[in-house]
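Final position of the sequence shown in full-length UniProt numbering is 368; the numbers increase by one with none missing.
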Amino acid sequence: MDSSPPEVVIFDLETIIETEAIIEFGAIIVCPQTLVEKEYFSSLVRPRHDEEFGEFEERSNGLNIDEIVSSNIYFSDIAHTVYDMLDGRIWVGHYIKNFDCRIVEDAFHEIGQPPPEPLDVIDTWELCEMFRGEVDNLEMATLAEYLGLGEQIHRSLADVRLNLRLFRRFVELFYLTEFSSLLRAASNAGVPRYLGPEEYSIPTLRAHYDSCDSLDQARDVYLPISCTSLNVRWGILPIRFWDDNGRPKLSFVVDAPGNLTVMLDECDRMLWRLFRRFGINSEWRNVVDRTRNSPALRLRIADTADKQTIVCKRRDSGKIKRLVFDESKLGTLLTPSTRLDAEFFLETYDYRGSAGIRLVAHKLIVHP
1 MDSSPPEVVI FDLETIIETE AIIEFGAIIV CPQTLVEKEY FSSLVRPRHD EEFGEFEERS
61 NGLNIDEIVS SNIYFSDIAH TVYDMLDGRI WVGHYIKNFD CRIVEDAFHE IGQPPPEPLD
121 VIDTWELCEM FRGEVDNLEM ATLAEYLGLG EQIHRSLADV RLNLRLFRRF VELFYLTEFS
181 SLLRAASNAG VPRYLGPEEY SIPTLRAHYD SCDSLDQARD VYLPISCTSL NVRWGILPIR
241 FWDDNGRPKL SFVVDAPGNL TVMLDECDRM LWRLFRRFGI NSEWRNVVDR TRNSPALRLR
301 IADTADKQTI VCKRRDSGKI KRLVFDESKL GTLLTPSTRL DAEFFLETYD YRGSAGIRLV
361 AHKLIVHP
């Protein structure tokens, strides 16, 4: 089990008052020890039906129907990213228990997907009860002004960062003991940890695969791997293959680090033996490509109903911005010599006489 403290995610929704349709989502992932922002994501969201706009009029913060409609981003387009940011983390928000949690759950049910589950929920509205009588109300704008934290502008990402400042104030002044206890008590098992190749024990992996009674047991261990500063050798190639749903099969090639090459060579050998043991004699294709001067690896981009690769951009400040997934823009983002950090997992295949291991990208962080 991962013993590191669970991460905190602060999120906020902008909605249509009459219909409660989401029109903007924003979230930040925060280091639990320092309460410093690590990663952020925000997106406009177009309601599924235009009548859900109701009597919506342009707001003073700049939100307007034309911008939302022209974005053409529906909740289903960002659902994978929203799920990945929220699931298994501690949720923090203002009036989150009575509003945001319910709206997010409903949004996932509407598109037929299971909603994310929090490790715990902290509502800063409840923490503000101590100020009742000192301020006119417990709205975030009122409290932010009272505590000198800045102005609320009712845009999701800006409000999330304002909420972080509010939450920091509570942790510093009133809530430090309780929050520390929560972190110690909570398990971080909800968010899979991607390990560096050197953190895996080859003898342990070999013992597991040797003990498998079926190929399904082997497929259950997908080995989440993390590698930093990979160099893109070949970017997104011209689309030649399509899946059964008409989505392009996208991939790119990176130079293979030595420690990862050693691990994957071992996985190749172990899984090849396992396939042979269960009577599968398809031609085995090694995952590490050595047909040119130095070893290379192909990373697959996932875009299915079950999983979608999370694509991010690291800013010069060090903060990580999650991008709305758009396969048409990947070609200009993943160009040769680009540096990136990657989290990926192993997936076996046996198709038309060929078998082997695929590396499927879970998350890509492109360097500046």
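Just so you know, even glycine gets a beta-carbon here, dropped at the ideal spot from N, CA and C.
Restricted to the region 297-322, the beta strand (DSSP E) segments that are unbroken, complete and at least 3 residues in length are 310-314, 320-322, listed in chain order.
Taking 9 Å as the cut-off, the beta carbon of Lys-319 is found no closer than this to the beta carbon of Glu-24. By the beta-carbon neighbour count (other beta carbons within 10 angstroms, threshold 16), Val-366 is buried. Here Ile-90 is buried: its Cβ has 16 or more other Cβ atoms, across all protein chains shown, within 10 Å. With the rule of 3 Cβ pairs closer than 8 Å, the region 49-57 does not count as touching the region 93-107.
Scanning the region 242-278 from its first residue to its last, the whole beta strand (DSSP E) runs of 3-plus residues come out as 250-255. Taken in chain order, the unbroken stretches of beta strand (DSSP E) that lie wholly in the region 72-121 and span 3 residues or more are 90-93.
With fewer than three CB-CB distances shorter than 8 Å, the region 39-52 does not count as touching the region 192-211. According to the DSSP assignment, Ala-21 belongs to no beta strand (DSSP E), since it is labelled neither H nor E. Of the candidates Gly-88, Asp-87, Ser-43, Thr-81, the residue whose Cα lies closest to the Cα of Ile-68 is Ser-43. Of the candidates Ile-111, Gly-93, Ser-60, the residue whose Cα lies closest to the Cα of Asp-77 is Ile-111. Shown here, Thr-34 sits in coil according to DSSP, grouped into three states, outside any helix or strand.
For Asn-231, no alpha helix (DSSP H) encloses it; the enclosing beta strand (DSSP E) starts and ends at 225-234. Counting along the chain, the unbroken alpha helix (DSSP H) around His-208 starts and ends at 202-211. About 5 Å separates the Cβ atoms of Leu-299 and Leu-359, confirming a contact at the 8 Å cut-off.
The beta carbon of Ile-22 sits closer than 7 Å to the beta carbons of Leu-13, Thr-15, Val-45, Phe-75, Ile-103, Ala-107 from its chain, once the five residues preceding and following it are set aside; these are given in chain order. Less than 9 Å separates the beta-carbon of Lys-313 from that of Leu-323.
Ile-65 carries a helical assignment under DSSP once its states are collapsed to helix, strand and coil. Between the C-alpha atoms of Asp-123 and Val-9 there is a straight-line separation of about 12 Å. For Pro-336, the CB contacts under 8 Å within the same chain, skipping 5 residues up- and downstream, are Val-232, Arg-233, Trp-234, Gly-235 in chain order. Residue environment: His-109 is assigned as exposed (fewer than 16 neighbouring CB atoms within 10 Å of its CB, all protein chains considered). Val-288 and Thr-261 have their alpha carbons spaced roughly 7 Å apart.
Distance from Val-160 to Gly-26 at the Cβ level is roughly 5 Å; contact confirmed, criterion being Cβ atoms closer than 8 Å.
By the beta-carbon neighbour count (other beta carbons within 10 angstroms, threshold 16), Thr-81 is buried. Within its own chain, the residues whose Cβ lies closer than 8 Å to the Cβ of Glu-283, once the five positions on either side in sequence are excluded, are Gly-353, Ser-354, Ala-355, listed in chain order. His-94 and Leu-264 have their C-alpha atoms spaced approximately 46 Å apart.
In this chain, the beta strand (DSSP E) harbouring Phe-11 covers 8-15. In the structure shown, Val-171 falls within a helical segment according to DSSP collapsed to helix, strand and coil.
Put simply, the backbone Cα of Val-254 is about 6 Å away from that of Leu-230.
Note on Asn-281: under 16 other CB atoms within 10 angstroms of its CB, so exposed under the neighbour-count rule. Separation of the CB atoms of Asn-61 and His-154 is rounded to 5 Å, and the pair is thereby assigned contact status at 8 Å. Residue environment for Gly-258: exposed (fewer than 16 other C-beta atoms within 10 angstroms of its C-beta). Using a Cβ distance threshold of 9 Å, Pro-6 and Leu-127 do not count as a contacting pair. When the Cα atoms are used, Phe-325 and Glu-134 turn out to be separated by approximately 45 Å.
Listed as beta-bridge partners of Lys-363 by DSSP are Ile-310, Glu-343. The closest CA to that of Arg-169, considering only Gly-331, Gln-152, Ala-158, Leu-143, is found on Leu-143.
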